[in-house]
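Participant: Next up is a structure, given as structure tokens.
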Amino acid sequence: MKKIKIIAITTLLSLSGALSFVSQNLLAQPSKTVRVLYIIPSDAERADRASLVTKAVEHNQKKWADYGATFVAESIAVINSDKTSNWFLTNNDGFHGQNKQWYWLGNAWNTAKSWYSDAENFDSNHKYIIFLEVDHASANSGAAAAANFGAAVMPKGIIDSIEKGNYSAVGSIGHELGHTFGIPHEDCDNQSNPKGLMCNGGNYPNVKLTAFHYKHLFSDKNEDFFYEKPINSFTLKENSVLKGNITRTIQNTGLEECAKLCLIDDNCGSIVHFDSTCEFKGGQLENVWNISGYTSAVIKKPASESFIIGEDKVLTGVIWKTTQGLNFQQCASSCLANSDCNSFVHFNTTCEFKYGDLESAWDIQGYTSAVKR
1 MKKIKIIAIT
11 TLLSLSGALS
21 FVSQNLLAQP
31 SKTVRVLYII
41 PSDAERADRA
51 SLVTKAVEHN
61 QKKWADYGAT
71 FVAESIAVIN
81 SDKTSNWFLT
91 NNDGFHGQNK
101 QWYWLGNAWN
111 TAKSWYSDAE
121 NFDSNHKYII
131 FLEVDHASAN
141 SGAAAAANFG
151 AAVMPKGIID
161 SIEKGNYSAV
171 GSIGHELGHT
181 FGIPHEDCDN
191 QSNPKGLMCN
201 GGNYPNVKLT
211 AFHYKHLFSD
221 KNEDFFYEKP
231 INSFTLKENS
241 VLKGNITRTI
251 QNTGLEECAK
261 LCLIDDNCGS
271 IVHFDSTCEF
281 KGGQLENVWN
291 ISGYTSAVIK
301 KPASESFIIG
311 EDKVLTGVIW
321 KTTQGLNFQQ
331 CASSCLANSD
341 CNSFVHFNTT
351 CEFKYGDLES
361 AWDIQGYTSA
371 VKR
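Encoded structure:
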């Protein structure tokens with residue numbers, strides 16, 4: 001078998017646009033990483049989609065970054081296996097016993113472990129995203145993709161769908177990666193768009209991270225996978241006190257711990273901190289009392305949450321303003337700040353304020369259109 005390394009799918013520099021959600025001068029290099037693998041059986045129909053899956057991972061990476069959870073992905077490992085597709089489907093993986101429908105999952109993970117000498121089941125220092133060029137339909141597992149052992153395994157069917165431009169398949173990467181961080185499925189029946197990352201269904205890219213996810217992502221065992229700390233997900237205002245009601249008070253707590261406790265609480269959106277007292281308190285930073293020694297903070301929300309987003313769509317109306325050098329979130333923020341802007345188109349680093357609706361938009365790959373909710 002032969003292993004080939006190709007270019008890293010992300011560095012802090014290449015993700016600088018995605019990191020606009022937080023102040024970059026607050027970021028510290030994470031000590032734990034996500035590893036990405038592309039496994040090609042000896043009889044695979046395709047062996048040329050490493051770049052495709054790389055971009056799909058990066059798409060999820062930017063979505064997580066929008067919500068203050070930017071992980072580092074190592075260089076993708078391309079593995080040319082000497083095992084056939086049937087071997088991955090039928091060889092006893094040593095994990096699933098007589099449950100043969102899951103052998104593809106275990107054998108993909110065993111292949112990953114054979115390439116990383118420090119890999120272990122539920123690796124505390126790494127998560128794994130494995131793309132496997134095996135059609136697993138005959139296994140009858142009932143799962144398009146799955147996660148176990150700290151690895152998210154995406155078979156050929158997912159790769160095929162990504163290639164066809166199916167964003168649900170792209171989103172399944174982040175969904176299964178979420179499972180590797182211990183996040184279960186969530187109750188989504190009463191959720192409005194964007195829905196939670198761990199909802200089942202074709203919601204991507206209209207998904208978000210909330211307290212339901214943060215309590216796992218920023219747990220003691222997982223927080224070192226991310227550039228950001230919980231405090232980076234807040235907008236702070238020194239010497240100020242929010243005017244809303246206090247819903248919870250916690251003593252002997254520093255500002256950063258106060259922010260973390262709020263971030264993982266479904267009912268908390270803002271805090272006031274003074275001395276070693278943490279208060280969960282309602283209010284907005286535009287409406288505060290000015291009191292020395294107090295710090296108020298409100299959880300940030302990506303500007304994109306205010307828009308309905310159409311991937312690979314171009315609005316058909318007239319362009320009335322163009323700005324260069326903006327990432328998507330910056331373009332969304334710029335539109336929100338302009339009372340005349342109701343919709344925009346973004347591609348590369350170009351932001352166009354443009355009229356139109358998503359129902360009549362042109363289908364053009366690489367462009368994203370957004371209309372205010």
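Just so you know, we're using the UniProt record's numbering here: the sequence shown kicks off at 1 and counts up by one.
Every residue gets a Cβ at the ideal spot worked out from N, C-alpha and C, and that includes glycine.
Hey, how far is the Cα of S233 from the Cα of S296?
Facilitator: One C-alpha to the other measures close to 13 Å.
Participant: Closer than 6 Å by C-beta to Q24: which residues in its own chain qualify, once you throw out the five before and the five after it? Chain order, please.
Facilitator: Legend: pLDDT at Q24 = 45, less than 50; position of this residue unreliable, value from coordinates given subsequently. No residues qualify anywhere along the chain.
Participant: Terminal residues of the continuous beta strand (DSSP E) containing W362?
Facilitator: W362 -> beta strand (DSSP E) spans W362 to K372.
Participant: Assuming A145 and I158 are in contact, meaning their beta carbons sit under 8 Å apart, how far apart are those beta carbons, in whole angstroms?
Facilitator: Contact flag correct, Cβ pair sits at about 5 Å.
Participant: Look at A151 and W109 and say whether their C-beta atoms are less than 9 Å apart.
Facilitator: Result yes, Cβ atoms of A151 and W109 sit closer than 9 Å.
Participant: Exposed or buried, what is P184 when buried is set at 16 or more other beta-carbons lying within 10 Å of its beta-carbon?
Facilitator: The residue in question, P184, is exposed, as its Cβ has fewer than 16 Cβ neighbours within 10 Å.
Participant: Pull up the distance between the alpha-carbon of L336 and that of L242, whole angstroms please.
Facilitator: L336 and L242: Cα-Cα distance of roughly 24 Å.
Participant: So, is S343 buried or exposed, given that buried needs 16 or more other C-beta atoms within 10 angstroms?
Facilitator: Answer is buried; the Cβ neighbour count reaches 16.
Participant: DSSP three-state call for A56: helix, strand or coil?
Facilitator: Of the three classes helix, strand and coil, the one that applies to A56 here is helix, per DSSP.
Participant: Check each candidate in A73, T54 and I39 and name the one with the smallest Cα separation from Y227.
Facilitator: For the residues A73, T54 and I39, the minimum Cα distance to Y227 belongs to A73.
Participant: Among residues of its own chain, excluding the 5 on either side of residue 374, which ones have a beta-carbon nearer than 6 Å to its beta-carbon?
Facilitator: Lying outside 1 to 373, the shown extent of the chain, residue 374 is not represented and no answer is given.
Participant: Since G171 and Y204 should fall inside the 8 Å C-beta cutoff, what is the C-beta to C-beta distance between them, to a whole number of angstroms?
Facilitator: Right, the Cβ-Cβ distance comes to about 2 Å (below 8 Å), so this counts as a contact.
Participant: Smallest Cα separation from K354: which of H59, G293, T322 and D189?
Facilitator: When each option's Cα is compared against that of K354, the closest is T322.
Participant: So, with DSSP's three-state summary, where would you put E228?
Facilitator: Coil, per DSSP.
Participant: Is N25 helix, strand or coil when you go by DSSP?
Facilitator: In this prediction, N25 has a pLDDT of 46, which is less than 50 and means its spatial position is unreliable; what the coordinates show is noted afterwards. Reduced to three states, the DSSP call for N25 is helix.
Participant: Three-state secondary structure (DSSP) at H273?
Facilitator: Note: H273 maps to strand in three-state DSSP.
Participant: On a CA-only basis, which of H175, R46 and D363 is nearest E133? Give me that one, please.
Facilitator: Ranking the options by Cα distance to E133, first place goes to R46.
Participant: Nearest-angstrom Cα distance between L209 and G202?
Facilitator: For L209 and G202, the distance between alpha carbons rounds to 16 Å.
Participant: Out of curiosity, what's the CA-to-CA distance linking G366 and G97?
Facilitator: Roughly 44 Å separates the two Cα atoms.
Participant: Quick test of your reading: S240 and W289, contact by CB under 8 Å. State the CB separation rounded to the nearest angstrom.
Facilitator: Confirmed, Cβ separation roughly 7 Å.
Participant: Is the beta carbon of T54 sitting closer than 9 Å to the one on H126?
Facilitator: Result no, Cβ atoms of T54 and H126 do not sit closer than 9 Å.
Participant: If you run the structure through DSSP and keep just helix, strand and coil, what is S296?
Facilitator: Three-state result, S296: strand.
Participant: With a cut-off of 8 Å, do at least 3 Cβ pairs link the segment 34 to 42 to the segment 75 to 95?
Facilitator: Short answer: they touch.
Participant: For the segment 105 to 180, list the alpha helix (DSSP H) runs that are entirely contained and at least 4 residues long, ordered along the chain.
Facilitator: Counting whole runs of 4 or more residues, the segment 105 to 180 contains the alpha helix (DSSP H) stretches 156 to 163 and 167 to 180.
Participant: What did DSSP end up calling A65 once you bin it into helix, strand or coil?
Facilitator: Helix at A65.
Participant: Alpha carbon to alpha carbon, what distance is there between P230 and residue 378?
Facilitator: Outside the shown range of the chain, which is 1 to 373, sits residue 378, and nothing can be said about it.
Participant: Please report the distance separating the alpha-carbon of Q61 from that of N91.
Facilitator: C-alpha separation (whole angstroms): 33 Å.
Participant: Please go through the same chain and pick out, in chain order, the residues whose beta-carbon is closer than 7 Å to the beta-carbon of A50, but skip the five residues on each side of it.
Facilitator: Counting only Cβ-Cβ distances below 7 Å, and skipping sequence neighbours, we find I6, Y38, I76 and V78.
Participant: Apart from the five residues on each side of it in sequence, which residues of its chain come closer than 8 Å, Cβ to Cβ, to G269?
Facilitator: C262, G282, V298 and I299.
Participant: Using beta-carbon positions only, say whether F95 and H136 come within less than 9 Å of one another.
Facilitator: For F95 and H136, no; Cβs fall outside 9 Å.
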